[in-house]
Each structure stands twice: as C-alpha cells, then as structure tokens.
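Encoded as structure tokens, the structure appears first; notes follow it.
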Amino acid sequence: MSLPPQQLTGRCLMVDLPGPELSREDAARLQKLQVRAVCLFRRNVPDAARARQLVADLKSALGDDILIGLDQEGGAVMRTQFLPQAPSAMALAAADDAALSREVGAAVARGLKSLGVNWNFAPVLDLNNNPANPVIGERSFGADPARAALLARAWMDGHLAEGVACCVKHFPGHGDTHTDSHLDLPVVDKPQAELRDYELAPFKALAGHAPALMSAHIRFPALDTEWPATLSPAILTGLLRRELGYRGVAITDALNMKAIRERWGQAFGAVQTLKAGADLALVLQFADEMQHSADAVAAALASGELATARLIEASERVDALIRRFPSRADAPYRAEQRAADEALFAEAWQRALTAHGPLPTLPAGRRLRLVVQDQAPSDGVSEEGLAADRLIAALSRRHALEVVRFERREALHWDTLPQDGLYTVLASTTRERYGARERQSWKPDLHMALWNPYAAADIAAPALISYGFADAALDAASRCLAGDAIAAGRLPVQLGAPYQEQ
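The letter at position 228 of the sequence shown is residue 228 when you use full-length UniProt numbering, and the numbering goes up by one with no holes.
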C-alpha cells in the first residue's frame, strides 16, 4: 500500500458529528482529512428516517468504504431509542442460555443493518467482580470468565452472522475498578498472574473470533508501569498482538474521556495510541479536536516519531474490516421481523428477572406505595436514565399506586413516610449505590433493583432484579409482582456483604 501522509492520517481516526444532519461544511472537513470512520451517538440518530439519511449522506461524501459505528450493547446503552430495546448482557447472563444470547445478538444486528450501520461497539467482555464498579455493572456478562466468554461468543456469533461487525471491550478488562474512566484514570493493581487468569480470560477465548477490540483507559501497573492500556505498547502490541496473536482492528475508547483528555489531551493520545499499536484513535468533540489530532498525527509522521509502516499496517486492518462488513442500504427492517425481535427481547427480559430473597405475590388491583426518584440521572455512558413516569405507567397497569417522588436521595427521609401499613416498594433507578444513611434507614417491604443489581445488597428487603429498564423489562417486573410471571433468573455476580463506601 502506498498512500500520501494526509490520507494515512485521516484513515487512522474515528470521529463524531455534532447533530443528526451532515452539513456541507462538516462534509468538507471530513473529506479534507479523508476520514472514513464515524461514531454515532443518540444526538445523531433521533429516528430511523434521519439515521438512514445521515448514513446515506456520509456515504455520498466519503464513499461506500466507510465504518459507521455506535454503542448498541443492550440494556441502558442503546444509542437508538427507536429500535427494539435489547436486554443487557447481565440480563442474558441471568437467563443463562447461549442460544438465547445468539438470537439476541442477531436481532440487535438486524436493527442496525437496516440503518446502514456496520459496526457495533459490543459485546462487553469485562468481568464485573467488583460491586463498587461505577460504570460496568449490568453491561457485563457476569463474574465467571468461562460463562461470560461462552455467552458473549454466542451473542457475537449471532451478530456477525447478520453482517454487522462487533467490537469486544474494554481490553484488558474494566470490571474490577472503583473509578469510571469517563471521569478519572482507574488503576487495577493486581499481579500479572491474576490478570492473565481472570481479566484476560474472555479476551483470550474470543481473540480468534472478534473482528475488532476496544482498549481501556486504565492503568495496569503489573503490565505497564508508565502508560494506561490505551497508550501502552506493552499492552497493545506486546500482550495483544504478540502474546494473544490478535489480528483484528484495535480501536481506542473515546479519547475525550477524562482519563486521557485531562492528563495528555486527545491529540497526544491519538499519536501515542497509534505508536502503541492501535489502528483507530476515537477522537470526539468535532471538529476542533479532529483537526488538532489529525495535525498531531501528521506532525508525528513527518518527524519520524510515528512510523509510516505502522499506519499502513493499521490502515490495512481497517480496510479488511470494511470489506468484510460493508455498510448496506438494502436491508429493510420489515414489520414482521421487527415484531419477532421485540417478542424475543421481551422473552429475554422476562427470563432474566431474578429474586434476591423471597418475593411476595401482590394481586392485581392491590394498592401499593411506590417510592421512586423523579428523574434518574444518566451515568455518562447510557445518555439517559429512567424517568419515574415510565415506571409508574408500567406498574399502574396492574396495581393502584400511591407515588412518593424524590429529586435527590438526600432529600428523602424514610421516617416521614406515612406509617399506615401500606405495602411500600422502593424502586432503584440509577447505577449509583446507596450510602450509609439510606442503608440504615430506608425500610421498604420490597426493593426493585431496575438498573444496578448490586443495589439489592444495600437495602434490607427482598429484591426483584431486572438488569435494565426497557419497557419490556418494566412490564415483566410488573407481571412478576402480580404473580403473572416468575423470577427464575440466576445472579451472574456475587452481591456480597452490604455495600461499604470506598
């Protein structure tokens, strides 16, 4: 391959866009840098028609040989709200059925394929063995390496069979952290032997099958004393390429996350990750950061800091991914197929429901008191939390509700609730764990853990765990409370003792 430096520069960057339309100015910027990989977020895809139009406009501006990617993991991390809402990885782990996981992966890909999206940043291979993890949780297939690898492989096989690329993440593992890399730089300080036996196990198992892999912005001192994984030659080249023999595309997690941006900046991060062995640097905050990063990569090429051969190698891997998974415009999402996929997802959400302690049967029509946060905040990756009105609507189909809303946990004092014997249900609708005050003083009759399963360990009450809050998950939970469905899922993680603040 013989390409001019400018073309090599653009081919190693993946960038975002500011909104749902591609302006002439933005198209010209992308064309100038010869970018061919674009990452979409919810702001870019408000509905199916505009999503398809944006993809068509990108292909018109950049050509058909492009990568259009997004995060469509299932559960809380779904960039498209207009497609059927897939179960989270941990919901599938609770259902514990590889065939079901494969079908769900295929259905997720069918929805994306209908838009022309050809790359999904999923599945998550992180093993969530840390109850204090603030960002992974139900995005993980659990804590058991072999079972997580089996279910993730099944999900990926179904997805790939539909012609949409996958990207396993976050190498070499984001499950045992106390810190969200969107906010700071986590450190996993474990011996090499433990990392290889545990965190790395799912990545080893899928290394020969995953067409792409995303790095983690995490320091692993036992693997590299200087750099976090995204910037580490020892991890991205020594461990990933040489030891594991990985041949697919390696892309970074977003370089605008504070773990990288506040220490090194995106432009430096783009150069260093390409030197370390990544094939694509995910640079966000269009368009200034895209230009700064492109300039930095071009300067590193010109000075010899970044070898031309390194970017040619990266470009060839990306070429191969595009050839294998082209963006298609001829795959309509037919109504009957969509209905079948919605039914599949509803079944999966139902089978995931898990009881933590003995659950009561609350006959339909019974009056209940529901205590719920009015508008749950997003966690930084999901883009949206659960609004109380959605849960109220789901539960009101079968029960008469007296609703107690609160804006912030600090504002709710349990002893101010009426002491009238009315059966009281607490709904946990955020990823955030409970603090000491809530653990000691909040005394519901039943706890619905609708996002973070570890919240079930914080409150001294039987809990119904759903691993997510899609409409089908809320409906399944409502039916379960009324005795019309059972909670037969099994916990894929150990909840452990009541949560202790770090």
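Beta carbons are placed, not taken as given, at the ideal position from N, Cα and C, and that holds for glycine.
Among the options, which residue has its Cα nearest to the Cα of residue i?
{"i": "tyrosine 467", "options": "Val77, Glu73, Glu21, Ser88", "result": "Ser88"}
{"i": "arginine 366", "options": "Arg338, Glu305, Ala400", "result": "Ala400"}
{"i": "valine 371", "options": "Met448, Glu316, Ala149, Ser378", "result": "Met448"}
{"i": "cysteine 12", "options": "Pro332, Gln291, His413, Asp420", "result": "Gln291"}
{"i": "alanine 205", "options": "Asn256, Lys258, Ala148", "result": "Ala148"}
{"i": "threonine 230", "options": "Ile251, Gln419, Ala143", "result": "Ile251"}
{"i": "proline 444", "options": "Asp415, Pro453, Asn120", "result": "Asp415"}
{"i": "glutamate 226", "options": "Arg263, Ala193, Leu255", "result": "Arg263"}
{"i": "aspartate 379", "options": "Thr430, Glu407, Ala28", "result": "Thr430"}
{"i": "serine 114", "options": "Arg328, Ala455, Phe121, Gly421", "result": "Arg328"}
{"i": "alanine 193", "options": "Leu183, Pro211, His178, Ala222", "result": "Ala222"}
{"i": "leucine 446", "options": "Leu464, Ala307, Leu417", "result": "Leu464"}
{"i": "arginine 43", "options": "Ala61, Gln53, Pro18, Gln34", "result": "Pro18"}
{"i": "lysine 275", "options": "Glu313, Glu289, Asp253, Arg261", "result": "Glu313"}
{"i": "arginine 405", "options": "Arg390, Arg397, Asp26", "result": "Arg390"}
{"i": "glutamate 407", "options": "Pro418, Ala488, Gln373, Glu438", "result": "Gln373"}
{"i": "arginine 241", "options": "Asp253, Gly208, Pro228, Pro418", "result": "Gly208"}
{"i": "glutamine 34", "options": "Phe41, Leu40, Asp26", "result": "Asp26"}
{"i": "leucine 160", "options": "Leu195, Glu138, Arg139, Leu112", "result": "Leu112"}
{"i": "arginine 323", "options": "Ala93, Pro211, Ser232, Ala460", "result": "Pro211"}
{"i": "alanine 460", "options": "Gly238, Glu438, Arg102", "result": "Glu438"}
{"i": "phenylalanine 82", "options": "Ala48, Gly435, Pro453, Ala254", "result": "Ala48"}
{"i": "serine 232", "options": "Arg397, Arg261, Phe171, Gln31", "result": "Phe171"}
For residue i, which beta-bridge partners are listed by DSSP?
{"i": "alanine 165", "result": "Trp119"}
{"i": "isoleucine 251", "result": "Met214, Leu280"}
{"i": "alanine 488", "result": "Thr354"}
{"i": "arginine 367", "result": "Ala400"}
{"i": "alanine 37", "result": "Leu67"}
{"i": "methionine 14", "result": "Leu282"}
{"i": "residue 514", "result": "Since the first residue of the chain shown is 1 and the last is 502, residue 514 is not available in this structure."}
{"i": "valine 124", "result": "Lys169"}
{"i": "valine 187", "result": "Arg219"}
Distance, Cα to Cα, residue i vs residue j?
{"i": "isoleucine 392", "j": "aspartate 458", "result": "23 angstroms"}
{"i": "phenylalanine 325", "j": "valine 55", "result": "15 angstroms"}
{"i": "aspartate 197", "j": "tryptophan 442", "result": "40 angstroms"}
{"i": "glutamine 494", "j": "asparagine 129", "result": "8 angstroms"}
{"i": "arginine 348", "j": "leucine 100", "result": "Looking at the sequence provided, one finds alanine at residue 348 rather than arginine. Distance between the alpha carbons of alanine 348 and leucine 100 is about 7 angstroms."}
{"i": "alanine 216", "j": "proline 363", "result": "47 angstroms"}
{"i": "glycine 69", "j": "aspartate 319", "result": "15 angstroms"}
{"i": "leucine 426", "j": "arginine 369", "result": "8 angstroms"}
{"i": "glutamine 440", "j": "alanine 355", "result": "22 angstroms"}
{"i": "glutamate 384", "j": "glycine 75", "result": "11 angstroms"}
{"i": "leucine 125", "j": "alanine 154", "result": "12 angstroms"}
{"i": "arginine 310", "j": "alanine 470", "result": "43 angstroms"}
{"i": "valine 117", "j": "leucine 359", "result": "42 angstroms"}
{"i": "aspartate 65", "j": "arginine 36", "result": "7 angstroms"}
{"i": "leucine 183", "j": "isoleucine 136", "result": "14 angstroms"}
{"i": "alanine 300", "j": "methionine 90", "result": "42 angstroms"}
{"i": "glutamine 285", "j": "leucine 67", "result": "18 angstroms"}
{"i": "asparagine 120", "j": "valine 403", "result": "39 angstroms"}
{"i": "arginine 29", "j": "alanine 287", "result": "8 angstroms"}
{"i": "tyrosine 246", "j": "phenylalanine 203", "result": "10 angstroms"}
{"i": "glutamine 502", "j": "tyrosine 423", "result": "Reliability fails at glutamine 502, whose pLDDT of 39 lies under 50, so the model's placement of it is uncertain and no value is given."}
{"i": "proline 377", "j": "leucine 386", "result": "8 angstroms"}
{"i": "valine 15", "j": "cysteine 39", "result": "6 angstroms"}
{"i": "methionine 156", "j": "cysteine 166", "result": "7 angstroms"}
{"i": "arginine 139", "j": "glycine 175", "result": "10 angstroms"}
Are the beta-carbon atoms of residue i and residue j separated by less than 7 angstroms?
{"i": "isoleucine 218", "j": "valine 188", "result": "yes"}
{"i": "alanine 294", "j": "threonine 9", "result": "yes"}
{"i": "glutamate 342", "j": "proline 123", "result": "no"}
{"i": "valine 77", "j": "serine 382", "result": "yes"}
{"i": "serine 315", "j": "methionine 257", "result": "no"}
{"i": "valine 164", "j": "leucine 213", "result": "no"}
{"i": "alanine 476", "j": "leucine 395", "result": "no"}
{"i": "threonine 273", "j": "alanine 267", "result": "no"}
{"i": "valine 249", "j": "valine 271", "result": "no"}
{"i": "arginine 50", "j": "proline 4", "result": "no"}
{"i": "valine 104", "j": "alanine 132", "result": "no"}
{"i": "residue 504", "j": "alanine 95", "result": "Absent from the structure is residue 504, since the part of the chain shown begins at 1 and ends at 502."}
{"i": "leucine 344", "j": "alanine 109", "result": "no"}
May I ask you to check if the CB of residue i is nearer than 6 angstroms to at least one heavy atom of the ligand ZN?
{"i": "tryptophan 442", "result": "Among the components modelled here there is no ligand, and therefore nothing to report on the ligand ZN."}
Examine chain C for any beta-carbon lying closer than 7 angstroms to the beta-carbon of residue i, and answer yes or no.
{"i": "aspartate 197", "result": "Looking at the structure shown, chain C is missing, and only one protein chain is on hand."}
Notebook entry, point to check: Whole alpha helix (DSSP H) runs in the segment 291-362 with 4 or more residues, listed along the chain?
Noted result: 308-324, 335-352
Check: Taking the runs of the beta strand (DSSP E) that are 3 residues or longer, which of them lie wholly in the segment 53-100?
Finding: 67-70, 72-74
Notebook entry, point to check: Whole beta strand (DSSP E) runs in the segment 384-467 with 3 or more residues, listed along the chain?
Noted result: 400-406, 424-428, 446-449, 463-465
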